[in-house]
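Numbering (my numbering), first residue to last: 174 to 256. Just so it is clear, CB atoms sit at the ideal spot from N, CA and C, and this is done for glycine as well. None of the values given here were measured: they were computed from a predicted structure. The structure under discussion appears below in the form of structure tokens.
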């Protein structure tokens, strides 16, 4: 994987804590940023999709019983046949 060198400013106490946990600060920060970016992308996707589900779009899923029936049907396709 290609890398890019950056200059960032971090609080001194945070850097000291990281040094106490790892000898490879760059890899430590990269791992943390992968987690943060993944979580942020998920948060934004949820925010952008808010309101996409409406009762008018899904009249077959109006009640809890409707939803449970739908989930049972979907999950039944996951079962392997008895061998």
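- Of the residues 231, 199, 187, the one whose Cα lies closest to the Cα of residue 179 is 199.
- In this structure, the straight-line span from the alpha carbon of residue 195 to that of residue 215 is close to 28 Å.
- In the DSSP annotation of this structure, the continuous segment of the alpha helix (DSSP H) that includes residue 212 starts and ends at 198-222.
- Under the three-state reduction of DSSP output, residue 233 falls in the helix class.
- Within the model, the alpha-carbon separation for residue 204 versus residue 210 is close to 10 Å.
- It is roughly 13 Å from the alpha-carbon of residue 235 to the alpha-carbon of residue 244.
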